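Reviewing the structure listed below.
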Amino acid sequence: MTEKIKVLLSEGEVDAKIQQIGEQISKDYAGKQVHLVCVLKGGSFFMCELAKRITVPVSLDFMSVSSYGSETKSSGVVRIVKDLDEPLKGKNVIVIEDIVDSGRTLSYLLEMLKDRGPESLRLCTLLDKPDRRVVDVNVDYTGFQIPDEFVVGYGLDYDQKYRNLPYIGIVEFE
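Here the sequence shown stands for residues 1 to 174, where the numbers follow full-length UniProt numbering.
Given below as structure tokens:
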């Protein structure tokens, strides 16, 4: 089986939306510093581009979580693969995610991070698939709401391929 990628959101559309989100975060946190927490691996492309567009002071950290193991369906059990390097106490934290779908992993993650005492905790995602939501998760900054399609590009992958596409594409299997 081979795959074909159909463009869903062009590089220009993605770039313009990231600029818009960066401006909103800069406005919301005027006079403060924000601490961006990237959920690896997919969120890294989005976070790097977003950080360049935020005009208030920014610090970065990364974490990796898994709820899939070797399966394609979430087990519902969240495992911390790589934890944060810095404490969150007193920081204005924005969790950066590439895509929100079921909400299971993010719901768990946000509760865990809230227990670490940040000044504030918000969620920012490039893509949101509300049709897939199983657990209610409040997304504070959303790039695009997309249909329930398998998407790649801008950090999102299919079998570790296509992360480097500068646009968001739908995988079509032939």
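For each residue, glycine too, the CB sits at the ideal point set by N, CA and C. Since the structure is predicted, the reported quantities are computational estimates derived from the model, not experimental observations.
- Shown here for TYR141: same chain residues with a beta carbon closer than 8 Å to its own, the five before and five after excluded, namely ILE21, GLN24, ILE25, ILE94, ARG122, LEU123, CYS124, THR125 in chain order.
- In this structure, DSSP gives GLN24 a helical state, which the three-state scheme calls helix.
- Judged by beta-carbon spacing, LEU88 lies within the 8 Å limit of GLY117, meaning their Cβ atoms are closer than that value.
- Pairing LEU9 with TYR167 gives a Cβ-Cβ distance under 8 Å.
- With a contact defined as Cβ atoms closer than 8 Å, GLU119 and GLY90 qualify at about 5 Å.
- At least 8 Å separates the beta-carbon of PHE144 from that of LEU165.
- The beta carbons of ASP85 and PHE46 sit no closer together than 8 Å.
- Apart from sequence neighbours up to five positions away, the residues of its chain that approach ILE54 with a beta-carbon distance below 7 Å are GLY22, ILE25, SER26, VAL34, ordered along the chain.
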